[in-house]
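A.B. asks:
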Amino acid sequence: MVGKADLLSDYVWGDCGKGKVGEMILENGNHTLVIRPNGGDNAGRHEKINGKKVGMHQIPPGFQDHKIDLYIGGGCVTNPISLCEEISDVRNAGIDLEGRLGISSKVTLIQPHQKYLDGVLGGGVGTTGKGIGFAYSDRAKRMHGDKRVDLRVGDYFADRKLAEEIVKYNLAILVNDFPELQDKKGNKIDIDKEWNKFKEAADKLETHLITDPLYVVRRLEAGENALINMANGYFLDLVEGTNPTVTSSRTGSGGGFLGGEVPVKYAGKVYGVAKFPMTRVGHGPFPSELGGNDSYKHCMEDSGYRYVADMEKAAFNVNEFLNAGDYLHLGIALRILGGEYGATTKRPRRVGMPDLVLLKQACLKNGADHLTINKFDCLEHFSRAKWLPGIPIVTGYKLDGKSIDYLPNTNTEIERLETEVEFIPHITEDLTGIRRKEDLPKSVINAVSMMEDYLERKIDCIGVGPENYQYVEL
Ligand code: IMP
Numbered sequence: 023m024v025g026k027a028d029l030l031s032d033y034v035w036g037d038c039g040k041g042k043v044g045e046m047i048l049e050n051g052n053h054t055l056v057i058r059p060n061g062g063d064n065a066g067r068h069e070k071i072n073g074k075k076v077g078m079h080q081i082p083p084g085f086q087d088h089k090i091d092l093y094i095g096g097g098c099v100t101n102p103i104s105l106c107e108e109i110s111d112v113r114n115a116g117i118d119l120e121g122r123l124g125i126s127s128k129v130t131l132i133q134p135h136q137k138y139l140d141g142v143l144g145g146g147v148g149t150t151g152k153g154i155g156f157a158y159s160d161r162a163k164r165m166h167g168d169k170r171v172d173l174r175v176g177d178y179f180a181d182r183k184l185a186e187e188i189v190k191y192n193l194a195i196l197v198n199d200f201p202e203l204q205d206k207k208g209n210k211i212d213i214d215k216e217w218n219k220f221k222e223a224a225d226k227l228e229t230h231l232i233t234d235p236l237y238v239v240r241r242l243e244a245g246e247n248a249l250i251n252m253a254n255g256y257f258l259d260l261v262e263g264t265n266p267t268v269t270s271s272r273t274g275s276g277g278g279f280l281g282g283e284v285p286v287k288y289a290g291k292v293y294g295v296a297k298f299p300m301t302r303v304g305h306g307p308f309p310s311e312l313g314g315n316d317s318y319k320h321c322m323e324d325s326g327y328r329y330v331a332d333m334e335k336a337a338f339n340v341n342e343f344l345n346a347g348d349y350l351h352l353g354i355a356l357r358i359l360g361g362e363y364g365a366t367t368k369r370p371r372r373v374g375m376p377d378l379v380l381l382k383q384a385c386l387k388n389g390a391d392h393l394t395i396n397k398f399d400c401l402e403h404f405s406r407a408k409w410l411p412g413i414p415i416v417t418g419y420k421l422d423g424k425s426i427d428y429l430p431n432t433n434t435e436i437e438r439l440e441t442e443v444e445f446i447p448h449i450t451e452d453l454t455g456i457r458r459k460e461d462l463p464k465s466v467i468n469a470v471s472m473m474e475d476y477l478e479r480k481i482d483c484i485g486v487g488p489e490n491y492q493y494v495e496l
């Protein structure tokens, strides 16, 4: 019998704890291949490897299980320098990925000029500054007149002379367009130096190169099961999300099959994950944001780098903020309590109420078979704010006075939305030690049931703490 490819993706704006759900799926299933189908080192999470905390960006979950192979699919863009660092961090923590991590030769390499351009021009979107969007746009552009501008991993190894020409040509244009641009050390851009650094890293990827276009299909045909582990979040999808303040890859479930090199014929179960409270990092509309525009302005100060974790924790009193009686301060307190700071950029994540309109749309559009809501234990943080009549949940939108049950397609319309908020009874219990449905307090059972009624679907699992084992299946 042929194998199946399950798919896991984030249903909001990223950072919903997908890594943890991925580990849960792998623990309970019999997958032997985990595929990353989109994005690059813009995604981020922390993993504990042999007791050591390691920041991860591109290597998919499952890497700690030696029976599982990993594949970075053709839908991705990858920075060879940061990928090599990640591989070596993992090796230093005790796991060698040689022979287990495959990189499709169709993956586009993020070139130095793309990262510089993102630094100079990515501010409008509030990107992670990793060059992701510029790598995807060069991929789409392919050539500038008779000059190639995109460089794929396979092309790099097939013709290094051409690779050098492409990287240096792009850097020369960059230096011409931005003559004052400096590198990290404050020096003018040195094209040879940039190329050598890039080449040194890219060369190391050769042992991971997969040139067989049927690699994934052959394994599925042989009866193996795969997990497609998507990056970023559904509402950051280039087309489906809140364009232009989105990422540059397809983050909706269909994009996972294409980018993972998996024909839809092998589609297995579709898993989705959200978290409460909801968060968003960077620019872009966020209808349920606590404190609305004031929160946005606060989080984006110094391009998002003013209120990083240590700064906020040292400067603000959580208890005072919880009970200040307004949503802006409540949001800041919830961010500190929930540790909502970017794993990749350390920027404060904007914090918002659970939004069931958004979540329902994501479930419907991604075709969710299984839904996990992480950080359910954090709903208790809302309940520490004594002035709130209950936990606020968004259950409706009004656009120009008319009720609608979807997030509109343009940011102009989203900016005009009014949210309808309902309060559900407080959850005051500590859920972090609970593992069985039977042990959940009534407050949680009732909250889940209210949400399921709204979503018109089951919630299959809730996360109740930061560790991978802290979840309850419903
Ligand atoms: P880019 O992906 O670096 O181009 O950034 C585009 C937008 O997507 C920015 O608002 C980023 O903060 C956001 N973004 C990209 N990847 C992630 C992610 O994994 N989690 C959360 N936000 C992300």
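Offset between the sequence shown (1-based) and my numbering: plus 22. No residue lacks a Cβ here, since even glycine has one placed at the ideal position from N, Cα and C.
1. Give the list of continuous alpha helix (DSSP H) stretches no shorter than 4 residues that lie fully inside the segment 222-272.
2. By Cβ distance, which residues of its chain are closer than 6 angstroms to residue 69, with the 5 residues on each side in sequence left out?
3. Measure the Cβ-Cβ separation of residue 71 and residue 34 and say whether it is below 9 angstroms.
4. Could you tell me whether any non-hydrogen atom of the ligand FAD is closer than 8 angstroms to the CB of residue 366?
5. In whole angstroms, what separates the C-alpha of residue 263 from that of residue 436?
6. What's the call for residue 394, buried or exposed, on a 16-neighbour Cβ count within 10 Å?
7. Whole angstroms are fine: how far does the CA of residue 413 sit from the CA of residue 444?
8. In terms of residues, what are the limits of the beta strand (DSSP E) holding residue 91?
9. May I ask whether a heavy atom of the ligand IMP can be found less than 8 angstroms away from the beta carbon of residue 105?
10. Three or more C-beta pairs closer than 8 angstroms, one from the segment 369-382 and one from the segment 321-331: is that the case here?
11. Restricting to Cα atoms, I'd like to know which of 424, 338, 233 and 472 is closest to residue 439.
12. So residue 416 and residue 309 are supposed to be a Cβ contact under 8 angstroms. How far apart are they, rounded?
13. Below 6 angstroms CB to CB, which residues in the same chain sit around residue 41 once its five sequence neighbours on both sides are set aside?
14. Could you give the distance in angstroms between the alpha-carbon of residue 200 and the alpha-carbon of residue 361?
15. Just to confirm my understanding: we take residue 406, look at its own chain, exclude 5 residues before and 5 after, and list those with CB closer than 6 angstroms. What are they?
16. Spell out the partners DSSP gives residue 292 in its beta bridges.
17. Could you check if residue 80 is buried or exposed, using at least 16 other CB atoms within 10 Å of its CB as the buried criterion?
18. Taking Cβ to Cβ, would you say residue 175 is nearer than 9 angstroms to residue 139?
19. Could you tell me the alpha carbon to alpha carbon distance between residue 153 and residue 160, rounded to whole angstroms?
20. Have a look at residue 104 and residue 134 and give me their C-alpha separation to the nearest angstrom.
21. Excluding the five sequence neighbours on either side, which residues of its own chain have a C-beta within less than 7 angstroms of the C-beta of residue 192, listed in chain order?
22. Could you check the C-alpha separation between residue 490 and residue 396 for me, to the nearest Å?
23. Where in the segment 369-397 do unbroken runs of the beta strand (DSSP E), each at least 3 residues long, occur, reported from the N-terminal end onward?
24. For residue 327, count the other beta carbons within 10 Å of its own beta carbon; 16 or more makes it buried, fewer makes it exposed. Which is it?
25. Following the continuous alpha helix (DSSP H) through residue 34, name the residue where it begins and the one where it ends.
26. Starting from the C-beta of residue 389, find all residues in its chain whose C-beta is less than 8 angstroms away, skip the five residues before and the five after it, and write them out in chain order.
27. Identify whether residue 414 lies in helix, strand or coil by the three-state DSSP scheme.
28. How would you call residue 206, buried or exposed, if buried means at least 16 neighbouring beta carbons within 10 angstroms?
29. Counting only the same chain and skipping the five closest in sequence on each side, list residues whose C-beta sits under 8 angstroms from that of residue 64.
30. Do the CB positions of residue 129 and residue 85 come within less than 9 angstroms of each other?
31. Helix, strand or coil, according to DSSP, for residue 327 in the structure here?
32. Can you give me the start and stop residues for the beta strand (DSSP E) that residue 483 sits inside?
33. With respect to the alpha helix (DSSP H) encompassing residue 41, which residues constitute its N-terminal and C-terminal limits?
34. So residue 113 is in the beta strand (DSSP E); what residue range does that whole segment cover?
35. Grab the span of the beta strand (DSSP E) containing residue 300 for me, first residue to last.
36. Just to confirm the assignment, what range does the beta strand (DSSP E) spanning residue 56 have?
C.D. replies: According to the structure data:
1. 237-243
2. 76 and 78
3. no
4. The model on display carries the ligand IMP but not the ligand FAD.
5. 11 angstroms
6. buried
7. 8 angstroms
8. 91-94
9. no
10. yes
11. 424
12. 7 angstroms
13. 67 and 83
14. 37 angstroms
15. 344
16. 29
17. buried
18. no
19. 11 angstroms
20. 12 angstroms
21. 133, 135 and 171
22. 11 angstroms
23. 372-374 and 392-396
24. exposed
25. Premise fails: residue 34 is in no alpha helix (DSSP H) and is neither H nor E.
26. 275 and 292
27. strand
28. exposed
29. 79, 149, 150, 152, 154, 253, 254, 269 and 366
30. no
31. coil
32. 483-485
33. 40-50
34. That residue, residue 113, is in no beta strand (DSSP E); its alpha helix (DSSP H) goes 102-114.
35. 300-302
36. 53-58
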